[in-house]
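Per this note's numbering, residue 562 is the first one in the sequence shown, and the count goes up by one each step.
Backbone N, C-alpha and C fix where the C-beta goes; we use that ideal spot for every residue, glycine too.
Every value quoted in this text rests on a predicted model; they were computed, and no experiment measured them.
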Amino acid sequence: IAILAAILFPVFGRARENARRSSCQSNLKQINLGLLQYAQDYDERMPLVPEGGGGTVTPANYNAPYGYADAIQPYLKSLQIFQCPSEKNTTQPSSDPLNGGYTDYAYNLGLARGAGGTAAVGVVLAQIEYPSLTLAVIETVVTGNQGKSFSSQAGGGGSGNVGLAYSAGPDWVRHLEGSNYAYADGHVKWVKGNPSNLSRSPKIYAVNAPFSTSQDSPTFHVSDAFVGVNF
């Protein structure tokens, strides 16, 4: 019996994690759909993300802690969608949509461009040259109080985000030694490897304050071969 249990327990554990991975992928698909619905209602533009470091945002309701998750909440009407079933350290959702810590997924800051200033606008969908290769949302470890985002350009005026984990660890690879990724064309897929390489890449920098990014920021590419590669 002990031998049989030793054989079956890993199998059952893998089956349970496969189910959680599928649930996470469903979350990301719905988040992606929310982003696209938002864009359809706002002149084909993607949502902004919060401005940190004492900056200001136009419209004013995008000031921190307002995040992308808040922007698309009217289309999703669920906070549970922003929680990965395999993330053990997440903060439980709140009835207050501005209460932080309820998202386990990070939004591509390149799609928001810069949210500071009076002419702040999200990227137009038509400007995303390669939507099937452009990340929209990734899994992450969030401990802070905002709807987190990640940028495709290192350096600049963005303020460091301590709420977005940088180091490698089991929380990064929640799903059978890999993570789920949502792309700008709407598809979601699982990629094996540790996404902490994203934050170590010279072209991807975790921030909670959007800053002026280069024109090609919305079209940076990530494929199955990205793990361990500096962009």
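Does Q586 pass the burial test, meaning 16 or more other C-beta atoms within 10 Å, or should it be called exposed? What you label residue 586 is simply residue 25 of the sequence shown in a count that begins at 1. Buried, because 16 or more other Cβ atoms sit within 10 Å of the Cβ of Q586.
Three-state secondary structure assigned by DSSP to L596: The residue given as residue 596 occupies position 35 in the sequence shown. DSSP places L596 in helix when its eight states are reduced to three.
So which of G595, P635, Y603 and E738 has the shortest CA-CA distance to Y668? Walking along the sequence shown from the start, residue 668 turns up at place 107. Of G595, P635, Y603 and E738, the residue nearest in Cα terms is G595.
In whole angstroms, what is the alpha-carbon distance linking A814 and S647? Residue 814 lies beyond the range of the chain shown here (562 to 792); nothing can be said about it.
Does N791 pass the burial test, meaning 16 or more other C-beta atoms within 10 Å, or should it be called exposed? As a position in the sequence shown, residue 791 is number 230, starting the count at 1. Its pLDDT being 28, under 50, N791 is placed unreliably by the model, and the measurement read from it follows with that caveat. Burial call: exposed.
So what does DSSP say about Q634, is it helix, strand or coil? Along the sequence shown, one-based indexing puts residue 634 at 73. If DSSP states are grouped into helix, strand and coil, Q634 belongs with the helices.
Exposure label - N579; buried when at least 16 CB within 10 Å: Locating residue 579 in the sequence shown gives position 18, counting from the first residue. By the neighbour-count rule (16 or more Cβ atoms within 10 Å), N579 is not buried but exposed.
So the beta strand (DSSP E) V698 belongs to, where does it begin and stop? Position 137 of the sequence shown, counted from the start, is the residue given in the question as residue 698. Here the beta strand (DSSP E) through V698 covers L696 to E700.
Buried or exposed for I810, please, with buried defined as at least 16 other CB atoms from any protein chain shown within 10 angstroms of its CB. Any property of residue 810 remains undetermined from this structure, which presents the chain solely from 562 to 792.
Please state the DSSP three-state secondary structure of A745. By 1-based counting over the sequence shown, the position of residue 745 is 184. The answer is coil: DSSP assigns A745 none of H, G, I, E or B.
For S606, the three-state DSSP class (helix, strand or coil): Numbered from its first residue, the sequence shown carries residue 606 at position 45. Looking at the sequence shown, residue 606 is not Ser but Arg. Looking at R606 - three-state DSSP - the assignment turns out to be strand.
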